[in-house]
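So the structure is just underneath, and the comments pick up after that.
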Amino acid sequence: MRNPFEVLGLSPKIVKELDEESLFRLVKACYRALQQVYHPDLASGSREKALELNLAFEALNLSKNPESFRRHRQAYVRRLSRKTLRNRMEALSLKLGRLFREKVILEEAFWGELVSRARESEHLLSPLPRNLRLHLFDLATKYHLPFPVFGRRAPFKEFLFDEEGYLYLKYARGKTLRKVSRIKMIGCVPREKIEPWMLLEKRPGNESLVAEEYMKAETFRRACLPFLKTRLEPNSYLFSFRNEDFSRVYLEGLILRLSPLCPKSITNVKLSSQKLQICEEKTSLLSFPES
Numbered sequence: 001m002r003n004p005f006e007v008l009g010l011s012p013k014i015v016k017e018l019d020e021e022s023l024f025r026l027v028k029a030c031y032r033a034l035q036q037v038y039h040p041d042l043a044s045g046s047r048e049k050a051l052e053l054n055l056a057f058e059a060l061n062l063s064k065n066p067e068s069f070r071r072h073r074q075a076y077v078r079r080l081s082r083k084t085l086r087n088r089m090e091a092l093s094l095k096l097g098r099l100f101r102e103k104v105i106l107e108e109a110f111w112g113e114l115v116s117r118a119r120e121s122e123h124l125l126s127p128l129p130r131n132l133r134l135h136l137f138d139l140a141t142k143y144h145l146p147f148p149v150f151g152r153r154a155p156f157k158e159f160l161f162d163e164e165g166y167l168y169l170k171y172a173r174g175k176t177l178r179k180v181s182r183i184k185m186i187g188c189v190p191r192e193k194i195e196p197w198m199l200l201e202k203r204p205g206n207e208s209l210v211a212e213e214y215m216k217a218e219t220f221r222r223a224c225l226p227f228l229k230t231r232l233e234p235n236s237y238l239f240s241f242r243n244e245d246f247s248r249v250y251l252e253g254l255i256l257r258l259s260p261l262c263p264k265s266i267t268n269v270k271l272s273s274q275k276l277q278i279c280e281e282k283t284s285l286l287s288f289p290e291s
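Take 1 as the starting number for the sequence shown in full-length UniProt numbering and just add one per residue.
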């Protein structure tokens, strides 16, 4: 049911500012003016509207029913505070929209700079690792295993940076280092900030979805870019570009620890002039010889 002041066309601001006598005079003037428009005897009249005006005036008749007048006045004035709150919410909504647009612009600019640097340099890590060994848990391989494995059979791998910053790869059960040039490290994201399985691309498996080892660049921008660090840190997820494809970001694994690397320890290196065949290498991890 509408407030009687609203029926007579008065705003909450006017109802609040006028004293009782002045407000009642205005109520009577509005009532008379509206009755001349909606009186049932007139061609433009409306019996329902005329009845609504009569009931509104009776509720606001200060001389006959002052308590009703004051009660409806207080209720109507309270709308000002609700309107103020609504205006504030609208202003905050507009501000939030502007901040979101600014976030998108900054995100796009940051990503563009990241890709531009990746096209020109070997890695995006800062400082560039030298004589460093990274011990990682290979989550991408773990997601493909039909059952959990532990100990020496678990999907561990190592990245080694020599004294010149060149990158080598070694799987836990392998004896050969492979020098790789098609992997460009982007940086790492703290473990507590993301859930990798939710972000990686999926493909249908025999019984459920199977996670790929990469996510779309758009997904990385949205979920990981705000937390990206170019310094390698333990207990962080390591990400990379591969094969100059900047539409995908690869999850290399969870960094377990960092350790210094003796330059002489890089021996038995297999140079590969072809693209790194990650799928073939991961397939070899899925067959476990008897120990």
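Yeah, the Cβ is synthetic: ideal placement off N, Cα and C, and Gly gets one too.
Rounded C-alpha distance that separates residue i from residue j
i: Pro226; j: Phe220; result: 9 Å
i: Pro260; j: Glu158; result: 13 Å
i: Ala140; j: Glu163; result: 28 Å
i: Glu67; j: Leu23; result: 15 Å
i: Glu52; j: Ser81; result: 27 Å
i: Gly9; j: Ser93; result: 30 Å
i: Tyr31; j: Thr84; result: 28 Å
i: Asn65; j: Met89; result: 37 Å
i: Cys262; j: Pro196; result: 32 Å
i: Gln35; j: Val104; result: 57 Å
i: Tyr143; j: Arg79; result: 57 Å
i: Leu62; j: Glu21; result: 8 Å
i: Leu18; j: Glu107; result: 53 Å
i: Leu60; j: Lys28; result: 9 Å
Three-way DSSP call (helix, strand, coil) for residue i in this model
i: Pro127; result: coil
i: Glu113; result: helix
i: Ser121; result: coil
i: Glu164; result: coil
i: Arg79; result: helix
i: Ser93; result: helix
i: Leu106; result: helix
i: Pro226; result: helix
i: Arg70; result: helix
i: Leu132; result: strand
i: Leu238; result: strand
i: Leu232; result: coil
Exposed unless 16 or more other CB atoms sit within 10 angstroms - verdict on residue i
i: residue 368; result: Residue 368 falls outside the range modelled here, since the chain spans only 1 to 291, and no answer is possible.
i: Cys188; result: buried
i: Lys193; result: exposed
i: Ile186; result: buried
i: Phe156; result: buried
i: Met198; result: exposed
i: Met215; result: buried
i: Glu252; result: buried
i: Phe100; result: exposed
i: Ala33; result: exposed
Enclosing alpha helix (DSSP H) for residue i [first to last residue]
i: Pro12; result: 12-17
i: Lys193; result: Per DSSP, Lys193 belongs to no alpha helix (DSSP H) and is neither H nor E.
i: Phe5; result: 4-7
i: Phe57; result: 47-59
i: Glu20; result: 20-38
i: Ala223; result: 217-223
Terminal residues of the beta strand (DSSP E) in which residue i lies
i: Ala140; result: Ala140 -> not in any beta strand (DSSP E); alpha helix (DSSP H) instead, spanning 139-144.
i: Phe159; result: 156-161
i: Leu42; result: Neither: Leu42 is in no beta strand (DSSP E) and is coded neither H nor E.
i: Lys64; result: Looking at the DSSP string, Lys64 is not in any beta strand (DSSP E), and its letter there is neither H nor E.
i: Gly253; result: 245-260
i: Leu177; result: 177-180
i: Ala211; result: 209-211
Residue-chain proximity (residue i, chain D), Cβ-Cβ < 8 Å
i: Leu256; result: Of the chains in the structure shown, none is chain D; there is only one protein chain.
Residue i beta carbon near the ligand FAD (any heavy atom closer than 7 Å)
i: Leu23; result: Questions concerning the ligand FAD fall outside what the structure shown contains, since it holds no ligand whatsoever.
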